[in-house]
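>
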Amino acid sequence: MVTIFGLTISEIMNIMVKEGVSIPLIQPLIDFLLKIPIIQYVVALILWKPVFAVLILPGLGGLMISLLFIIWFERKLTARIQWRMGPLEVSRPIAGLMQPMADGMRYLFQEVIVHRGAHKPYFVQLPILAFIPILLPIVFIPAGSIYGINSPYSLIITVALLALIPVTIIAIGWASNSKFAYIGSVREAFMYFAYEIPFMIMVLGMIIIYGTADMATIVEKQGIWGAFLNPFAFLGILITTAMATSRLPFEIAEADQEIAFGPFVEYSGILFGLVMTLAYEKMYIMGLIVSVLFLGGGGGPAIPLLGDLSPAIWLFIKALAVMMVMAFLRSIYPRYRLDQALRIGWNSLISLSLLSLVVAVIVRFMGGV
Amino acid sequence: MDEHIEFLKSGPLSLVKRWGAKWSLWPVHLVTACCGVELAHAYACGYDGERLGSLNYGICRQTNLIIVEGAITRKMAKVLRITWEQMPDPKFVIVMGACGLNGGLFWNGYHMVKPSDVVPVDYFIPGCPPTPEALLRGIRALQDKIMTGETNSTAKFSKADLSSIIEIPEEIKQKRVPTPPHSIAKAPVIQIDGQREIEWDEGANLIQTLKKDLEGLYISIEMTDLNRICLKTTPEKTPEIAERLKFTFDHVKSVNVVDVPNENKFIIEYVVSSYGVKDLMPVLLSIITEIPRDNPRHPSLAKHWPSADYMEREMHEFFGVWFEDNPWMGRNFLLSPDTPEYPLRKDFKLPRETYVLRGDSR
Ligand code: SF4
Numbered sequence: 000m001v002t003i004f005g006l007t008i009s010e011i012m013n014i015m016v017k018e019g020v021s022i023p024l025i026q027p028l029i030d031f032l033l034k035i036p037i038i039q040y041v042v043a044l045i046l047w048k049p050v051f052a053v054l055i056l057p058g059l060g061g062l063m064i065s066l067l068f069i070i071w072f073e074r075k076l077t078a079r080i081q082w083r084m085g086p087l088e089v090s091r092p093i094a095g096l097m098q099p100m101a102d103g104m105r106y107l108f109q110e111v112i113v114h115r116g117a118h119k120p121y122f123v124q125l126p127i128l129a130f131i132p133i134l135l136p137i138v139f140i141p142a143g144s145i146y147g148i149n150s151p152y153s154l155i156i157t158v159a160l161l162a163l164i165p166v167t168i169i170a171i172g173w174a175s176n177s178k179f180a181y182i183g184s185v186r187e188a189f190m191y192f193a194y195e196i197p198f199m200i201m202v203l204g205m206i207i208i209y210g211t212a213d214m215a216t217i218v219e220k221q222g223i224w225g226a227f228l229n230p231f232a233f234l235g236i237l238i239t240t241a242m243a244t245s246r247l248p249f250e251i252a253e254a255d256q257e258i259a260f261g262p263f264v265e266y267s268g269i270l271f272g273l274v275m276t277l278a279y280e281k282m283y284i285m286g287l288i289v290s291v292l293f294l295g296g297g298g299g300p301a302i303p304l305l306g307d308l309s310p311a312i313w314l315f316i317k318a319l320a321v322m323m324v325m326a327f328l329r330s331i332y333p334r335y336r337l338d339q340a341l342r343i344g345w346n347s348l349i350s351l352s353l354l355s356l357v358v359a360v361i362v363r364f365m366g367g368v
Numbered sequence: 000m001d002e003h004i005e006f007l008k009s010g011p012l013s014l015v016k017r018w019g020a021k022w023s024l025w026p027v028h029l030v031t032a033c034c035g036v037e038l039a040h041a042y043a044c045g046y047d048g049e050r051l052g053s054l055n056y057g058i059c060r061q062t063n064l065i066i067v068e069g070a071i072t073r074k075m076a077k078v079l080r081i082t083w084e085q086m087p088d089p090k091f092v093i094v095m096g097a098c099g100l101n102g103g104l105f106w107n108g109y110h111m112v113k114p115s116d117v118v119p120v121d122y123f124i125p126g127c128p129p130t131p132e133a134l135l136r137g138i139r140a141l142q143d144k145i146m147t148g149e150t151n152s153t154a155k156f157s158k159a160d161l162s163s164i165i166e167i168p169e170e171i172k173q174k175r176v177p178t179p180p181h182s183i184a185k186a187p188v189i190q191i192d193g194q195r196e197i198e199w200d201e202g203a204n205l206i207q208t209l210k211k212d213l214e215g216l217y218i219s220i221e222m223t224d225l226n227r228i229c230l231k232t233t234p235e236k237t238p239e240i241a242e243r244l245k246f247t248f249d250h251v252k253s254v255n256v257v258d259v260p261n262e263n264k265f266i267i268e269y270v271v272s273s274y275g276v277k278d279l280m281p282v283l284l285s286i287i288t289e290i291p292r293d294n295p296r297h298p299s300l301a302k303h304w305p306s307a308d309y310m311e312r313e314m315h316e317f318f319g320v321w322f323e324d325n326p327w328m329g330r331n332f333l334l335s336p337d338t339p340e341y342p343l344r345k346d347f348k349l350p351r352e353t354y355v356l357r358g359d360s361r
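Order-wise, the sequence lines are chains A and B.
Counting from 0, one number per residue, gives the positions in the first sequence under numbering that gives the first Met the number 0.
Counting from 0, one number per residue, gives the positions in the second sequence under numbering that gives the first Met the number 0.
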């Protein structure tokens, strides 16, 4: 008898099926698949809630869909604002939605140039390493009953992991060994401190309001959305999201007109595809956090047909909405200078975050949630 | 079929590769001449090149298309090649404009290079400048080339036999192509100090003062037009004149050289004027000297008038005049180092280019 951690395979199957995602809409199909010998293990594994959370929603699958959608949406929106059509001809019936796919395919099959000055091992492995702090937070973000790890510290761990991303970007700039990359890395480092401290303070304020750092509990407690409980923190975190994901008023580290994409200037081919999407992936994670903290997370009218999937879909839609606001910022704002952005970070944002902390304490003493 | 197309057509994933490359042709910003305006037009609202999935991008490492916009000079040719080398394979080149084809306006110029000598070109777009529609048509044609692997002309010309309609005289038939001027007129009249009677009292006073100040340093001082004064002198006296004038006439507006080969001389002209003295602001004073053509040396006035420095260096590379004491003599300033020497001298000759008109216009 084969055993894993002291459990037989049929016992593991039982656990996975019991904790599986139940979707009434496709339940007959799942039941049918669960009777086929080998496939049943695969299906049960994918539908097991922790794996489902990481692989499908809100995990990798959601990440990929939101990436393809938001890049298309951003280009299309910018084009519409400038009275253009935007990407269209690649797939006319669906308004050019395949454009990011085409760009991705082109990147995939283009030569990857590793230039002579680069620190080769780091130059190649850092874009891939940068995915670790991006993918790990997903494990902790709950979508209703679908989550990877349930921990009382999940919010703190997520924020801490997010704070690691700029470090990889700075390392990318260092490994590129080019002057634009160097300038870009330094700018990234400056910006990092300007937004990270207010961000942390505002997250702390929200923890005070809810009295816990467990995201599942935070979502449960939100009878009134956090955005109404503490509007200052909501506004502040939206601004820090724009700064952290280098959206346009604060797109300073990657300013393509000045320093030619800063840290990413030397990347080509699929490696550039990876580093270019870093900001968008970070935006997705930040969008998830914003929706959990302020927009009621997976809460929303339950759709009975979708069962367990319904909160996950609500969460995904809310995160997409936050991303779309960020994309909108990009097409209407010009860019701040570095010193102006730093002044905003260290003056206005810090004041705003302290104000939100005060509001949080007041809300807490008036009875909390 | 070139190697890039070959790469795209090979392997089991060929269709995906070609599809990706076809709908994602990102041109790198390399605006070399006036055709760039049309490129901007083609990508702005109205024509919107982004419809075709083609996005102008700033950095060569992440693009796969160069649109050469018009004239490529010797200096720019190096930049073009470097940019092309930095781009990842597979990459494509489109050349737009008559200048990129065969020189266009600047045909047979000393500074021109054909882009096709520098990089492998996929498509040429003729016109001066080509319309935005033509540019987008070029991109369409390149997309087709990526899919099918064949270069097809998008324009079809049918041959017309004009000789049956109009009788072409024999002598016109022989010189179909206009030739560049290749002889020098025997005695062109070059006069730069033509004196005129002008009602300009301050000018007359100014000339009196100048004559008093520059006693013994000039050959003649004449009024040539309203606010124009011409001072003739010899080269070795110019530094002393500059020394005396530099506080009233405080800057050099331009330095000119006139080549007079049949009299074997260069005429050097410094046009000076004033920013500091209000009455002198509209006045242009030309200091004119003549130097022998076979030993063209002239004292540099950059010490007295720093603004003369750049112009002296420019005149040096165009005419080969040696401005003594200017530390930059002997090397090129704006021209590429491999430009043939002294292109603006009247006897400068390039190997003549000829257009070959072929019978078959396809
Ligand atoms: S072809 Fe005409 S428009 Fe284009 S670069 Fe030459 S002169 Fe300018």
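Every residue, glycine too, gets a C-beta built ideally from N, C-alpha and C.
So, with DSSP's three-state summary, where would you put V94(B)?
Looking at V94(B) - three-state DSSP - the assignment turns out to be strand.
> Quick one: what's Y122(B) bridged to in DSSP?
Partner(s): I93(B).
> Kindly list, in the order they appear in chain B, the residues whose Cβ is closer than 9 angstroms to that of L273(A).
Neighbours of L273(A) on chain B: none; closest Cβ ~12 angstroms, over 9 angstroms.
> Below 8 angstroms on the Cβ atoms is my guess for V113(A) versus F122(A); work out the distance and round it to an integer in Å.
Rounded, the Cβ-Cβ distance is 6 angstroms, consistent with contact.
> If I follow the unbroken alpha helix (DSSP H) through W83(B), where does it start and stop?
From DSSP, the alpha helix (DSSP H) with W83(B) extends over R73 to Q85.
> Using a C-beta cutoff of 8 angstroms, does W313(A) count as contacting chain B?
W313(A) does not count as touching chain B.
> Which partner residues does T288(B) have in the DSSP bridge list?
For T288(B), which the question treats as bridged, DSSP gives the partners I267(B).
> Mind listing which residues of the region 81 to 94 of chain A have their C-beta closer than 7 angstroms to chain B's C-betas, in chain order?
So the list reads Q81, W82, R83, M84, G85, P86, L87, E88 and V89, given in the order they occur along the chain.
> Quick test of your reading: G296(A) and S21(A), contact by CB under 8 angstroms. State the CB separation rounded to the nearest angstrom.
So it is not a contact: roughly 20 angstroms between Cβ atoms.
> Cβ of P99(A) within 8 angstroms of Cβ of L67(A)?
For P99(A) and L67(A), yes; Cβs fall inside 8 angstroms.
> For the candidate residues I11(A), V185(A) and I140(A), whose alpha-carbon lies nearest to that of I171(A)?
Answer by Cα proximity: V185(A).
> Would you please verify whether the beta carbon of S23(B) is less than 8 angstroms from any beta carbon of chain A?
Yes, contact with chain A.
> K16(B) versus chain A: which residues are under 8 angstroms apart at the beta carbon?
Near K16(B) (Cβ distances below 8 angstroms), the residues of chain A are M104 and F108.
> Check for me: the alpha helix (DSSP H) holding D418(B) runs from which residue to which?
Residue 418(B) falls outside the range modelled here, since chain B spans only 0 to 361, and no answer is possible.
> Per the DSSP calculation, K231(B) is bridged to which residue(s)?
The partner list for K231(B) (beta bridge, DSSP) reads S219(B) and I287(B).
> Give the straight-line distance between the Cα atoms of K155(B) and E149(B), rounded to the nearest whole angstrom.
Those two C-alpha atoms are separated by around 16 angstroms.
> Consult DSSP for D143(B) and reduce its assignment to one of helix, strand or coil.
Correct three-state label for D143(B): helix.
> Just the chain B side, please: which residues come within less than 9 angstroms of D255(A) by C-beta, in chain order?
Result: Y56, G57 and I58.
> Measuring alpha carbon to alpha carbon, tell me which of K252(B), L24(B), R227(B) and N226(B) ends up nearest P89(B).
Minimum Cα distance to P89(B) is reached at L24(B).
> Since S90(A) and M97(A) are thought to touch, with beta carbons under 8 angstroms apart, how far apart are those beta carbons, to the nearest angstrom?
The pair is a contact, with the Cβ atoms about 4 angstroms apart (cut-off 8 angstroms).
> Tell me the DSSP bridge mates of R296(B)?
R296(B) is bridged to W321(B).
> Please tell me whether C229(B) and D192(B) are closer than 8 angstroms, where the distance is taken between their beta carbons.
For C229(B) and D192(B), yes; Cβs fall inside 8 angstroms.
> Scan the region 293 to 322 of chain A for residues whose Cβ lies nearer than 7 angstroms to a Cβ of chain B and list them as they occur along the chain.
The residues in question: there are none.
> In whole angstroms, what separates the C-alpha of I200(A) from that of I236(A)?
The alpha-carbon atoms of I200(A) and I236(A) are separated by roughly 10 angstroms.
> In angstroms, rounded to a whole number, what distance separates the CA positions of L54(B) and A41(B)?
Cα-Cα distance, rounded: 11 angstroms.
> Show which residues of chain B have a CB atom less than 7 angstroms away from the CB atom of S267(A).
By Cβ distance, chain B contributes R60, Q61 and P87.
> Are A243(A) and M275(A) close, meaning C-beta to C-beta below 8 angstroms?
Cβ atoms of A243(A) and M275(A): not closer than 8 angstroms.
> On the three-state DSSP scale, how would you describe N55(B)?
The answer is coil: DSSP assigns N55(B) none of H, G, I, E or B.
> Please state if the CB of W345(A) and the CB of A193(A) are separated by a distance shorter than 8 angstroms.
Closer than 8 angstroms, so yes.
> So which residues put a beta carbon under 5 angstroms from any heavy atom of ligand 1, going in chain order?
After applying the 5 angstroms Cβ criterion, the set is A32(B), C33(B), C34(B), G69(B), A70(B), G96(B), A97(B), C98(B), G103(B), L104(B), C127(B) and P128(B).
> Nearest to S253(B) by CA position, among M310(B), F246(B) and P298(B), is which residue?
For S253(B), the nearest C-alpha among the options comes from M310(B).
> According to DSSP, is I364(B) part of a helix, a strand, or is it coil?
This structure gives no information on residue 364(B), because the portion of chain B shown stretches from 0 to 361.
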